Amino acid sequence: MNVLPDYSEGYKVYPEVQELLLMLAQCWDALKPYLLPPVSEADYDRQALLLVELYILIGKQQAHPMASLVAHLERLQREYDQQVRLLP
């Protein structure tokens with residue numbers, strides 16, 4: 291049973307969807323470097339600045355859509371502190 295649509299006649303991408311996908315790609319390109327573990331103090335500082343901005347934006351709202359990003363960045367910062375800065 292084939293569950294995939296038949297695109298043999300071509301596939302129309304709606305302009306509003308195409309625009310949304312382009313915006314998402316641009317956002318992803320801008321955000322991607324922040325999602326990786328920091329390899330330098332400059333990377334660490336950039337992540338810390340982003341965290342400060344996110345704290346200001348969402349506060350302590352656990353249900354906010356960006357809360358998982360905050361948790362991820364906090365984890366990366368904590369690991370860097372323990373492995374590179376040798377902080378407890």
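Counting from 291, one number per residue, gives the positions in the sequence shown under our numbering. No residue lacks a Cβ here, since even glycine has one placed at the ideal position from N, Cα and C. Since the model is a prediction, treat every value here as computed from it, not as a measurement.
Cα-Cα, which of the options is closest to residue i?
i          : options                        : result
valine 360 : Leu314, Gln351, Glu331, Leu341 : Leu341
Buried or exposed for residue i, please, with buried defined as at least 16 other CB atoms from any protein chain shown within 10 angstroms of its CB.
i            : result
leucine 366  : buried
tyrosine 370 : buried
Measure the Cβ-Cβ separation of residue i and residue j and say whether it is below 8 Å.
i             : j             : result
histidine 354 : leucine 325   : no
proline 328   : glutamine 337 : yes
Within the same chain, show all residues whose beta-carbon is closer than 6 Å to that of residue i, passing over the 5 residues directly before and after it, in chain order.
i           : result
alanine 357 : none
Quick check on DSSP: helix, strand or coil for residue i?
i             : result
glutamine 352 : coil
serine 358    : helix
lysine 302    : coil
proline 328   : coil
leucine 363   : helix
arginine 336  : helix
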